[in-house]
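J.: Here the sequence shown is numbered in the working numbering, starting from 78 and rising by one per residue. Ideal Cβ placement from N, Cα and C applies to all residues, glycine included.
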Amino acid sequence: MALLVRFAVVVAFALVTVPSLAVAQEITLKVVSAFPENTLYVKRLESWIERANQDGRGTLRLNFIGGPKAIPTFEVGNAVRTGVVDIAMSTGAFYTNVFPESDALKLTQIPIAEQRKNGAYEYISKIWNQKGNLYYLARIVQWQPFHLYLNKKIDRPDLAGLKIRVTPVYRDFFTALGATVMQTAPGELYTALERGVVDGYGWPIGGIFDLGWQEKTKFRVDPGFYDAEVSLIVNLDTWKKLSPTQREVLTRQALAFEGQNDFWKTYAEDEIKRQAQTGIQVIRFEGAQGQQYVDRAYETAWAALIKASPEHGPKLRELFSKR
Ligand code: 173
Numbered sequence: 078m079a080l081l082v083r084f085a086v087v088v089a090f091a092l093v094t095v096p097s098l099a100v101a102q103e104i105t106l107k108v109v110s111a112f113p114e115n116t117l118y119v120k121r122l123e124s125w126i127e128r129a130n131q132d133g134r135g136t137l138r139l140n141f142i143g144g145p146k147a148i149p150t151f152e153v154g155n156a157v158r159t160g161v162v163d164i165a166m167s168t169g170a171f172y173t174n175v176f177p178e179s180d181a182l183k184l185t186q187i188p189i190a191e192q193r194k195n196g197a198y199e200y201i202s203k204i205w206n207q208k209g210n211l212y213y214l215a216r217i218v219q220w221q222p223f224h225l226y227l228n229k230k231i232d233r234p235d236l237a238g239l240k241i242r243v244t245p246v247y248r249d250f251f252t253a254l255g256a257t258v259m260q261t262a263p264g265e266l267y268t269a270l271e272r273g274v275v276d277g278y279g280w281p282i283g284g285i286f287d288l289g290w291q292e293k294t295k296f297r298v299d300p301g302f303y304d305a306e307v308s309l310i311v312n313l314d315t316w317k318k319l320s321p322t323q324r325e326v327l328t329r330q331a332l333a334f335e336g337q338n339d340f341w342k343t344y345a346e347d348e349i350k351r352q353a354q355t356g357i358q359v360i361r362f363e364g365a366q367g368q369q370y371v372d373r374a375y376e377t378a379w380a381a382l383i384k385a386s387p388e389h390g391p392k393l394r395e396l397f398s399k400r
C-alpha cells in the first residue's frame, strides 16, 4: 500500500512538472467585462464563454473574472494593454485613455461583416495593435443606435440648462447642443438619476431595463444616432503566444459570436415596445430637424476625432462611412 501511494505521488508529481512534448498545454485566459454583470451584454458573454470552452477543451480555457468590480469600467483598456487581464468585452469609449481612436467604432455605418471586407477591420487592427497593444478580435454589438433619454421635456434640439450623463460617445454632440455633461460608468447612472444629479443620459436603444433606469426615465429622443459598439479585445502579447490551434479556436468562436449580431435588430424592436409599455414617451424630431440632429451628431464626433487623430481620423471616416 505504502509503495502504491509512493508510486502515485511520483506519477502525479511527474504529471504536473514534466511538460508534455506531444500535447500542447491548455492555456487559461482571464476575461473581464467593462459593463456591469447584470446586463444582457454580460449574459451573452457568459454563454459564449461556455460554448468557447466546450470547443476549446484541452486547448484553451476562458475564465470570466467579472465586471467593473474586478476592473473599473474606465480602467479595462489599460488592464488589457498591460496584460493584467487577457481579454475584455468593452466599448471603445471606455478606453480613450489608451488611444483616442478607440471611440471611432461608434461611427461605423457599415456592418462588421463588410468592415472585414473593405479594409476597415484591417485598419482598425493596425491601430489597435500599434497604439493599444491590443488584438481586435470581434465586434459583438451592432444595429443599436444611441439615444438621448430625458426626464425633462424639450421641443427642439437644445439642451441648454440640462445636465446629461455621458461617456466619450456622446460628449461632443451633447455639449454642442448646449448640455452640461457629466461622465459616469454605466454602474453609477442609477444613483445619479435617483439623486437628480442628471436630467438625462445617453444609452443605446436596448438595455435601459437591465439596471432599472426605466424607473427614472420619462422620455426618449428620436431619432437615434451612431451605432453602439461592444467588442472583444485581446492583449497582443497573449495573442502572439497562443499556438495556431489556440488561435483557431478563439477566432472560430469569436466569428461565430459576431455572426449572431442580427439578434440586435430584433432586440431593438423589442426594447422600443417595452419602453412604450412602461410609459416612456417619445420626443421625435421630424423631417429636416431630425436629419440636422443626426448630421450634427456625426459632424461633431468626426471633428473631435480628426482633431485628436489627424493621422488616422480622415482614413477611418472614409472606411466607416456609407458610400
Ligand atoms: O456607457 C455608455 O453609454 C456607452 O458609452 C455605451 C457604449 C456602447 C454600448 C453601451 C453603452
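Going by DSSP, name the residue or residues bridged to Pro281.
T.: Beta-bridge pairing links Pro281 to Phe223.
J.: Just checking my contact of Leu137 with Gln323 at CB under 8 Å: how many whole Å lie between their CB atoms?
T.: Correct: roughly 5 Å between the Cβ atoms.
J.: Would you mind stating whether Gly277 and Leu239 have Cβ atoms separated by less than 9 Å?
T.: Their beta carbons are under 9 Å apart, which means Gly277 touches Leu239 by this criterion.
J.: In chain order, what residues of the same chain lie with their CB nearer than 7 Å to the CB of Val275, ignoring the 5 residues before and after it?
T.: Once the five neighbours on either side are set aside, the close Cβ partners of Val275 are Lys240, Ile241, Arg242, Met259, Ala269.
J.: For the candidate residues Asp304, Leu327, Ala253, Leu319, whose alpha-carbon lies nearest to that of Trp341?
T.: Here the closest residue by C-alpha is Asp304.
J.: Is the number of C-beta pairs between the region 149 to 169 and the region 106 to 114 that are closer than 8 Å three or more?
T.: Counting Cβ pairs under 8 Å, three or more are found: they touch.
J.: Answer yes or no: the CB of Pro281 versus the heavy atoms of ligand 1, is any distance below 8 Å?
T.: Result yes, Cβ under 8 Å from ligand 1.
J.: Can you give the beta carbon distance from Ile187 to Asn195, rounded, assuming they're within the 8 Å contact cut?
T.: Ile187 to Asn195, Cβ: 7 Å. Contact.
J.: Per DSSP, Asp299 forms a beta bridge with which residues?
T.: Arg361, per the DSSP bridge assignment.
J.: What residues in its chain sit with their C-beta under 6 Å from that of Phe151, if we drop five residues either side in the sequence?
T.: Counting only Cβ-Cβ distances below 6 Å, and skipping sequence neighbours, we find Phe171.
J.: What distance in whole Å lies between the Cβ atoms of Arg297 and Gln352, which are believed to be in contact at a cut-off of 8 Å?
T.: About 6 Å separates the two Cβ atoms, so the contact holds.
J.: Please confirm whether any heavy atom of ligand 1 lies closer than 8 Å to the CB of Pro245.
T.: Yes, the Cβ of Pro245 comes within 8 Å of a heavy atom of ligand 1.
J.: Are the Cβ atoms of Ser308 and Gly143 separated by less than 9 Å?
T.: No, the Cβ-Cβ distance between Ser308 and Gly143 is not below 9 Å.
J.: Does Thr136 come out as helix, strand or coil in the three-state DSSP assignment?
T.: Of the three classes helix, strand and coil, the one that applies to Thr136 here is coil, per DSSP.
J.: Please report the distance separating the alpha-carbon of Leu319 from that of Gly135.
T.: Each residue's alpha carbon lies about 13 Å from the other.
J.: Ligand 1 heavy atoms versus the CB of Pro177: any closer than 8 Å?
T.: No.
J.: Taking C-alpha atoms, which residue in Asn115, Asn140, Lys350, Arg248 lies nearest to Thr173?
T.: If we check each option's Cα against that of Thr173, Arg248 comes out closest.
J.: With a threshold of 8 Å (Cβ to nearest heavy atom), would Thr185 be considered close to ligand 1?
T.: Because no heavy atom of ligand 1 lies under 8 Å away, the Cβ of Thr185 does not count as near it: no.
J.: On the three-state DSSP scale, how would you describe Ser398?
T.: Coil.
J.: With a threshold of 8 Å (Cβ to nearest heavy atom), would Gln219 be considered close to ligand 1?
T.: Answer for Gln219: no, Cβ out of range of ligand 1.
J.: Shortest alpha-carbon distance to Thr257 belongs to which of Arg361, Gly279, Lys293?
T.: Checking every option, the nearest Cα to that of Thr257 belongs to Gly279.
J.: Does DSSP put Gly143 in a helix, a strand or coil?
T.: Correct three-state label for Gly143: strand.
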